[in-house]
Ligand SMILES: [Zn+2]
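Residue numbers (the numbering used here): 5 to 500.
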């Protein structure tokens, strides 16, 4: 078929000829008889006789992102049952039409088991199902597990190492790009007197990193590359995604430093869909975690309604559900609703506003470990406003060891000697780490002070008031640094 030849032949046949100069032609007779313009007739004939042109212009379907996996809220936590920190709020958000997905860092394989004999990896298999069942009470059917291992420690750096930080982040960024959520909710990255679980903190660190990186097309670019063949096995065809807001909830005992830093929700209002108060929806969800709380769940059967309500509203969610605003790229009030300022549609990738580098004197002593890390983390992620205790603090089990990691920095042109002295509350004993150290020119050396903690006295109850430990550093008789740490002794606490 040669369209140009067809067109030539047809146009010759129907070309209009002037009435004045020539006698009426066949084509004009057709026009007169039908009342159709010659162009209209040309179009009809072209459409009928030239199917290849018509076919080339038909739209082909290009598959787009799967809308079934688009959500409004992504909750990022560490262990199955951690979602309980947010379930009363999630139930409310779902009532308002929001879609929710949850990411767990681990499958909880090193937790207790009150329901059966299974432990370790087998327990993780059970707890994954418990988490899915707990979420299904709220109508949430999207949950993923990053594959991290449980870490019995308050040190976020140990948790990140144990989870495989890089692979976990890669997985989480993939899920951010898959779920294209508006808001991320997660644990507050920081170290506090409280449960202060390193895994909880690691969830908050990874979520923050994913918030800042998932919108960057050069981060894990294979995830956002177009496929090169029909059954593409490597390139994922996702798109970069910039989450609009991130909120944190702290894993700390005291809430005063977080007050007024974000929205707060009552747990006592009635859920429109469940026709019961939000705390009860959340409690119903929590009951699915039999391995973690069978004793507690059984005890509910022996309590009356008033007792259950008192426990839920004065022990579990006593102050309602509060969040700390981490970042908003869409404005809105700090204490306003989580979805304040959010409108549908993607927003451009936003690099975090990095604060100025921490300036240090030529010689310095600095508290190392998670404390130095979090100072850098807040600076790098535009989070210097995040509440953190000053001086730094930790709760530890009485009778155990306190380790104070430190950096000795020598930015001068020659080797320098540092002299460290440690000041401890009475009854606490220094095991090692003080004395004289030489640090070479332009070098930073790591050291640690080890302290044996006393047992709790009979009168102290389950915990004692926090006490201050300090380390003093001199060089050539001149003070070059002091670090302080507030330490609370408890009957039970995670290792440092
Ligand atoms: Zn947990």
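Beta carbons: idealized from backbone N, C-alpha and C, even for Gly.
Within 8 Å: the Cβ of residue i and any heavy atom of ligand 2?
i           : result
residue 257 : Ligands in the displayed structure: ligand 1; ligand 2 is not one of them.
How would you call residue i, buried or exposed, if buried means at least 16 neighbouring beta carbons within 10 angstroms?
i           : result
residue 238 : exposed
residue 144 : buried
residue 337 : exposed
residue 87  : buried
residue 310 : exposed
residue 341 : exposed
residue 444 : exposed
residue 414 : buried
residue 213 : buried
residue 442 : exposed
residue 500 : buried
residue 26  : Note that residue 26 has pLDDT 39, beneath the 50 cutoff, so the model's placement of it is unreliable and no number is given.
residue 479 : buried
residue 210 : buried
residue 389 : exposed
residue 319 : exposed
residue 249 : buried
residue 305 : exposed
residue 265 : buried
residue 427 : exposed
residue 64  : exposed
residue 486 : exposed
residue 481 : exposed
residue 66  : exposed
residue 308 : exposed
residue 171 : exposed
Do residue j and residue i count as a contact pair if the criterion is CB distance below 9 Å?
i           : j           : result
residue 395 : residue 262 : no
residue 412 : residue 369 : yes
residue 410 : residue 484 : no
residue 399 : residue 260 : no
residue 97  : residue 164 : no
residue 506 : residue 290 : A question about residue 506 goes unanswered here, because the residues of the chain that appear run from 5 up to 500.
residue 331 : residue 386 : yes
residue 84  : residue 122 : no
residue 455 : residue 472 : no
residue 252 : residue 328 : yes
residue 202 : residue 158 : yes
residue 333 : residue 312 : no
residue 460 : residue 488 : no
With DSSP collapsed to three states, give me the class of residue i.
i           : result
residue 261 : helix
residue 314 : helix
residue 437 : coil
residue 120 : coil
residue 346 : coil
residue 283 : helix
residue 148 : strand
residue 196 : coil
residue 16  : Reliability fails at residue 16, whose pLDDT of 37 lies under 50, so the model's placement of it is uncertain and no value is given.
residue 80  : strand
residue 323 : coil
residue 4   : Because the chain is modelled from 5 through 500, residue 4 falls outside the range shown and cannot be assessed.
residue 453 : strand
residue 424 : strand
residue 411 : strand
residue 485 : strand
residue 247 : coil
residue 336 : coil
residue 461 : coil
residue 204 : helix
residue 65  : coil
residue 141 : helix
residue 476 : strand
residue 252 : strand
residue 227 : helix
residue 300 : helix
| query | So does the segment 381 to 388 actually touch the segment 353 to 370, counting three or more Cβ pairs closer than 8 Å? | reply | yes
| message | Would the segment 143 to 161 count as touching the segment 96 to 109 if we require 3 or more Cβ pairs under 8 Å? | response | yes
| Environment of ligand 1 in chain order, Cβ to heavy atom below 6 Å | 82, 83, 86, 201 and 204
| task | May I ask you to verify whether the segment 180 to 191 touches the segment 73 to 82, counting CB pairs closer than 8 Å and requiring at least 3? | result | yes
| message | Count Cβ pairs between the segment 158 to 178 and the segment 134 to 143 that sit closer than 8 Å; are there 3 or more? | response | no
| With a cut-off of 8 Å, do at least 3 Cβ pairs link the segment 273 to 283 to the segment 217 to 224? | no
| Taking contact to mean at least 3 C-beta pairs separated by less than 8 Å, is the segment 116 to 124 in contact with the segment 295 to 314? | yes
| query | Per the contact definition of three or more C-beta pairs closer than 8 Å, is the segment 414 to 425 in contact with the segment 219 to 233? | reply | no
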